[in-house]
Amino acid sequence: MLGDYHAWYEDHIAKLLSVPGVRLARRFESIEGEMRFMALYEVDDVSVFDSAAYKAVGRFGEMEAHVRFTRNVYREIPIKGFDGPADL
Numbered sequence: 000m001l002g003d004y005h006a007w008y009e010d011h012i013a014k015l016l017s018v019p020g021v022r023l024a025r026r027f028e029s030i031e032g033e034m035r036f037m038a039l040y041e042v043d044d045v046s047v048f049d050s051a052a053y054k055a056v057g058r059f060g061e062m063e064a065h066v067r068f069t070r071n072v073y074r075e076i077p078i079k080g081f082d083g084p085a086d087l
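Each residue of the sequence shown is one higher than the one before, starting from 0 at the first, in numbering that gives the first Met the number 0.
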């Protein structure tokens, strides 16, 4: 089942990245705790989640019964005096 989930998610992320306004997608695996996997998406605006393009690919389809879904939406808080990575 886990292999099927990862294969499905690779396809799902590719579809999400084709949605206008979705900038990037990253997946994480928990070192410990109940929520084993997390995905982080960067979007141009929260309205992306209401777009027809997102709604067409944004759900879990065949994996719906196996996924516990929670959405939290955040905005970035700029760090004063930080313009980018330091030169090494």
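The beta-carbon is built from N, C-alpha and C at its ideal position, and this holds for glycine as well.
Contact holds between the region 1-9 and the region 61-73, because three or more Cβ pairs, one in each stretch, are under 8 Å apart.
Leu15 counts as buried, since no fewer than 16 other beta carbons sit within 10 angstroms of its beta carbon. A straight-line Cα-Cα distance of about 25 Å links Phe36 and Ser50. Judged by DSSP in its simplified three-state form, Tyr73 adopts coil rather than helix or strand. Nearest Cα to Arg26 within the set Tyr73, Ala13, Met0, Asp44: Ala13. Annotation: the region 0-29 contains the following complete segments of the alpha helix (DSSP H) (minimum length 4 residues), in chain order: 1-16.
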